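According to the numbering used here, the sequence shown holds residues 922 to 1170 in order.
Here a beta-carbon is modelled for each residue, glycine too, at the ideal position from N, C-alpha and C.
Computed from a predicted model, the values in this text were never measured in an experiment.
The block underneath contains the structure these notes are about, expressed in structure tokens.
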Amino acid sequence: MNFYILTLFPEMVSSGLHTSIIGRAVSRELLSIRTINIRDYAFNRHQSVDDYPYGGGAGMLMQAEPVYLAYEAAAEEIRSRRPEAEMEKKPRVVYLSPQGKTFSQRMAEELAEEEDLIFLCGHYEGIDERVLEEIVTDQVSIGDYVLTGGELPAMVMVDTISRLVPGVLHNDISAESESFQENLLEYPQYSRPEVWHGKRVPEVLLSGHHANIQKWKRQQSILRTRERRPDLLEQCSLTEEERAWLKKS
Ligand code: SAM
């Protein structure tokens, strides 16, 4: 999977995404993460890419043309790798914006199906609307708060999507049993020693009885979701037996 990140701060994105699990996946060529510096496409000698908004208002706005040229550089690279029949297909471009649809695990699963994704990071007061209209296919927010730039949101999205690319996690099962799968939160987990600060690991986990362990994990997930995210539990399909058990628990 190939990520292109259009940003004014490529070093911020690169250093964050070339470490740990994602960094290893890049070295193993399961992912490529290419940053494109929008400032390289500035058309004045000061390399400035922002200007005052028409009609006044606080702060500066990123101009349309450098953003468009940075996008074209990424799109051209994508086109050059595509088979001829798909060359006209526009690449998916995500603009990170507090005004976008809220990011979720489900959205990450859908985006992980793409071969190429372009992320556009805004800064200052945002970006000239005309270039957004022309190139952006999805506007995504990482939550109802305002950050100084789209770099952290882009990193959050790339990290989340990358974990879903086959081979990125050592054990692909771990992505399947995590929080938000089937609208449940993950069960509590324990490692050695068996007793720590007087707290024992639940007996069933030491029993070696696979079926009982699976049942315990599922029940713990259900209880935890009811306690912490009852909104999720409403969307979860529980068996009749589980519903009856939950009523009594
Ligand atoms: N003036 C804009 C508004 O009120 O909608 C906010 C601009 S914000 C200060 C600068 C940039 O940070 C945005 O263009 C966007 O790329 C990014 N950003 C800020 N908050 C975000 C969020 N919650 N999710 C995604 N991107 C965000």
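Check: Opposing strand residues paired with residue 983 [DSSP bridges]; Outcome: 971, 1048
Check: Inter-residue CB distance, residue 929 and residue 1044 (contact presumed, cutoff 8 angstroms); Outcome: 5 angstroms
Check: Reference residue 1160; option with closest CA among 922, 1148, 990, 1136; Outcome: 1136
Check: Distance, residue 945 Cα to residue 1091 Cα; Outcome: 11 angstroms
Check: Cβ-Cβ distance between residue 1039 and residue 1013 below 8 angstroms; Outcome: yes
Check: Unbroken beta strand (DSSP E) run spanning residue 1019, endpoints; Outcome: 1013–1023
Check: Distance CB(residue 1020)-CB(residue 1060) smaller than 8 angstroms; Outcome: yes
Check: Rounded straight-line distance, which links the Cα of residue 982 to that of residue 975; Outcome: 10 angstroms
Check: 8 angstroms Cβ cutoff met for residue 992 and residue 1053; Outcome: no
Check: Span of the beta strand (DSSP E), counted from its first residue to its last, around residue 1038; Outcome: 1037–1042
Check: Closer than 7 angstroms: residue 943 CB and nearest the ligand SAM heavy atom; Outcome: no
Check: Limits of the alpha helix (DSSP H) - the one that residue 1146 falls within; Outcome: 1131–1149
Check: Beta-carbon proximity of residue 934 to residue 1072, cut-off 8 angstroms; Outcome: yes
Check: Near the ligand MG: residue 1067 beta-carbon under 7 angstroms from a heavy atom; Outcome: The ligand MG is not among the ligands present in this structure, which contains only the ligand SAM.
Check: Any non-hydrogen atom of the ligand SAM within 7 angstroms of residue 1019 CB; Outcome: yes
Check: Closest Cα partner of residue 941 within the set 1134, 1124, 1084; Outcome: 1084
Check: Residue 954 CB to nearest heavy atom of the ligand SAM below 7 angstroms; Outcome: no
Check: Three-state class that DSSP yields for residue 926 in the structure shown; Outcome: strand
Check: C-alpha distance - residue 1105 paired with residue 1167, whole-angstrom precision; Outcome: 14 angstroms
Check: Whether residue 1129 touches residue 1046 by CB criterion (8 angstroms); Outcome: no
Check: Bridge partner(s) assigned by DSSP for residue 1060; Outcome: 1016
Check: Cβ pair residue 954, residue 1125 closer than 8 angstroms; Outcome: no
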